[in-house]
Amino acid sequence: MTTQPNNNPTLVTGAAGFIGFHTTCALLRRGTPVVGFDNVNDYYDPTLKEARLKLIEQTAAETGTPWHFHRADIADAAAVNACFADHDFARVIHLAAQAGVRYSLENPQAYVHSNVTGFTNIIEACRHSQTPHLTYASTSSVYGAVTDMPFSEHQATVHPIQFYAATKRANELMAHAYSHLFGLPTTGLRFFTVYGPWGRPDMALFLFTRKILAGEPIQLFNHGKHTRDFTFVADIVEGVIRASDQPARPNPDWNPKAPDPATSSAPWRIFNIGNNSPVQLTEYVEAIEKALGKKAEVEFKPLQAGDVPDTYADTTELQNAVGYKPATPVARGVGAFVDWYQGYYG
């Protein structure tokens, strides 16, 4: 990893979350001061988030790298503005969001609160403080009804099939407006099925591991025929930090008569971050079984509303821009998660 041009801190929103926690620790380990921002809500077990925060504090102490934490909601504009008033950020890495596909069918307002209002507050604060670069999390779910794979940033993404994806696509469009109007450099990162130690309890790997160990059946939707570009969290973090280090610039070749959806005449860009190696869900379960040394009891279920059957990332643009490609094999990544899970939960 490279280093920032000055020693001003990086803001990481969602610092108590899965990817935010790992990103924060990686930045601290390389000597980058970090300011974290998170409301530590109860969408899933807050004790897991508190444990992540304690480990961040430990990492900061061990490395001697400055760390400061704001416990607040990104949808609270006053709290966001106060944070920006207290610090002069070299970079902003915006990872706070309401995640989850199925929950968006039950509680769409939570996604408006965090992913639309919260994003607006962050990008407005970046604009007024003239932040050198905003990097933010998007999702592979924005590809929606598209079936031409591997998914490329140069494809149009205008057919989301659930509300979560629609709010993240809105973030990409909002960022473009700010990059165009105010010259704010922004980079959107479409994550593909992130997994690994300290993961979210509502995600498949966590659920499957817990149920297999408890002797409970696991449910495989789409009759287990889903394929996913499972991407190990350390690979995601490497891509996030490399992208953040290199501010977006206008594409001098961008043609308004044949507009490229991945770049712009403004300092705005989109990258996929995925493993570029899709795995069928049944193979994923086999990797969990092998790591646990225990067979799963499986119930096959039909495709659920809002589920994308397959994902597969073209990562050419990420490689060309930052010289990096995720490559952790699923067996190794799942093994790392199981080691963590059994150590954490005993």
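Residues in the sequence shown are numbered from 4 upward in steps of one, following our numbering. The beta carbon of each residue, even a glycine, is placed where N, CA and C say it ideally should be. Since we're looking at a predicted model, the values are computed, not measured.
query: I'd like the span of the alpha helix (DSSP H) that includes Leu51, first residue to last.; result: Pro49 to Thr66
query: Let me know if His162 comes out buried or exposed under the rule of 16 or more other beta-carbons within 10 Å of its beta-carbon.; result: exposed
query: For Asp248, tell me which candidate among His25, Gly23 and Leu30 has the shortest Cα-Cα distance.; result: Leu30
query: DSSP state of Arg33, grouped into three classes?; result: coil
query: Under three-state DSSP, which class holds Phe233?; result: coil
query: Starting from Arg130, trace the beta strand (DSSP E) in both directions and tell me its first and last residue.; result: No beta strand (DSSP E) holds Arg130; the alpha helix (DSSP H) holding it covers Phe122 to Ser132.
query: Give the DSSP-derived three-state secondary structure of Ser267 in the structure shown.; result: coil
query: Is there a Cβ of chain C sitting closer than 9 Å to that of Lys298, yes or no?; result: As a matter of chain content, chain C is missing from the structure shown, which is built from one protein chain.
query: With a 10 Å radius around its C-beta and 16 neighbouring C-beta atoms as the bar for buried, classify Val166 as buried or exposed.; result: The sequence shown places Phe at residue 166, not Val. By the neighbour-count rule (16 or more Cβ atoms within 10 Å), Phe166 is buried.
query: Would you check if the segment 179-196 and the segment 131-147 touch, i.e. whether three or more CB-CB distances between them fall below 8 Å?; result: yes
query: By Cβ distance, which residues of its chain are closer than 8 Å to Val115, with the 5 residues on each side in sequence left out?; result: Thr170
query: Within this structure, are the beta carbons of Asp317 and Asn275 separated by less than 9 Å?; result: yes
query: Whole angstroms is fine: what's the gap from Val37's alpha carbon to Val301's?; result: 43 Å
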